[in-house]
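Counting along the sequence shown from 1, when you hit position 156 you're at 156 in full-length UniProt numbering, and nothing is skipped either side.
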Amino acid sequence: MSGLRLQDIRKSFGAVEVIRGVNLEIEHGEFVVFVGPSGCGKSTLLRMIAGLEDISGGTIMIGERAVNDVEPRDRGVAMVFQSYALYPHMSVYDNVGFNLMLSKVPKAERDQQIRAAARSLQMEHLLERKPGQLSGGQRQRVAIGRAIVRNPKVFLFDEPLSNLDAALRGDMRLELARLHRELETTIIYVTHDQVEAMTLADKIVVMDQGTVQQVGSPLDLYDRPANRFVAGFIGSPR
Ligand code: ADP
Ligand code: MG
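What follows is the structure, encoded as structure tokens:
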């Protein structure tokens, strides 16, 4: 079982410290949502967990392993970006299977994993298309499919629904909740949408200016916000 532990995580860009000592324990299987104003450090923290950004201080533990110096592809994490980041010249099939190909997974096994992911995301009929022939919601599914096939212990989502219209966001919220149950993985999810946070999270982490302000269940935060900032952000009447 692999939870995640952040121990005094810090990040500076030049002289500016943007992550200022974050400590957090996440249990295996939890759906944890990070919220906080733009620029508070959510994406930077996620990118450090993924290994896409060097860390300036502290230790990231995934399961029992300190991963500070572990290559992104060996960390057991997969990240889904707001921008989808698909390869425009490749089919959906090849986009989903790309990382498996890089990892030299044999073709037959690759095929099986790609088709299973497509099935679970109800996009089997889209496998031959190119990203340019897909809607925003379909592209987002492809991006999620590409993460699923890597069979990660931890999924990282950075504002994955913010480019979708309201109706589609609602559908995808349900889809993500279903995937979380089905895959039994840990999900770390960044959003600035309170509704998304309140409906999806087992646990919400409220950040401000590179620090964690409060951690708790949606109900905890609503009923007992630790300070005015949290109350304001969560929208509780304190
Ligand atoms: P969020 O995702 O919460 O909106 P970010 O993690 O993107 O916030 O950014 C946190 C802070 O770090 C911001 O002040 C941002 O300007 C700064 N920052 C992020 N990436 C870089 C970078 N590559 N170089 C310099 N500053 C950066
Ligand atoms: Mg961000």
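Backbone N, C-alpha and C fix where the C-beta goes; we use that ideal spot for every residue, glycine too.
Computed from a predicted structure; not experimentally measured.
Indicate the three-state DSSP secondary structure (helix, strand or coil) for residue i in the structure shown.
{"i": "Phe98", "result": "helix"}
{"i": "Lys130", "result": "coil"}
{"i": "Arg150", "result": "coil"}
{"i": "Tyr84", "result": "coil"}
{"i": "Val67", "result": "coil"}
{"i": "Val105", "result": "coil"}
{"i": "Gln122", "result": "coil"}
{"i": "Gln140", "result": "helix"}
{"i": "Asp54", "result": "coil"}
{"i": "Gln213", "result": "strand"}
Counting contacts by CB-CB distance shorter than 7 Å, is residue i in contact with chain C?
{"i": "Thr191", "result": "Considering every chain present, this structure includes no chain C. It has just one protein chain."}
Starting from residue i, trace the alpha helix (DSSP H) both ways and give me its first and last residue.
{"i": "Ser12", "result": "Counting along the chain, Ser12 falls outside any alpha helix (DSSP H), though it belongs to the beta strand (DSSP E) covering Leu4 to Phe13."}
{"i": "Ile234", "result": "Arg228 to Ile234"}
{"i": "Thr199", "result": "Gln194 to Leu200"}
{"i": "Met172", "result": "Ala166 to Leu183"}
{"i": "Asp223", "result": "Pro218 to Asp223"}
{"i": "Ile49", "result": "Lys42 to Ala50"}
Assuming residue i is part of the beta strand (DSSP E), what are its boundary residues?
{"i": "Arg20", "result": "Val16 to Ile26"}
{"i": "Thr59", "result": "Gly57 to Ile62"}
{"i": "Met207", "result": "Lys203 to Asp208"}
Assuming residue i and residue j are in contact, meaning their beta carbons sit under 8 Å apart, how far apart are those beta carbons, in whole angstroms?
{"i": "Gln113", "j": "Ser162", "result": "Between Ser162 and Gln113 the Cβ distance is about 28 Å, and since that is not below 8 Å, they are no contact."}
{"i": "Ala143", "j": "Ala85", "result": "7 Å"}
{"i": "Lys153", "j": "Gly76", "result": "4 Å"}
Kindly provide the chain-ordered list of residues whose Cβ lies closer than 5 Å to any non-hydrogen atom of the ligand ADP.
Answer in sequence order: Phe13, Val18, Ser38, Gly39, Cys40, Gly41, Lys42, Ser43 and Thr44.
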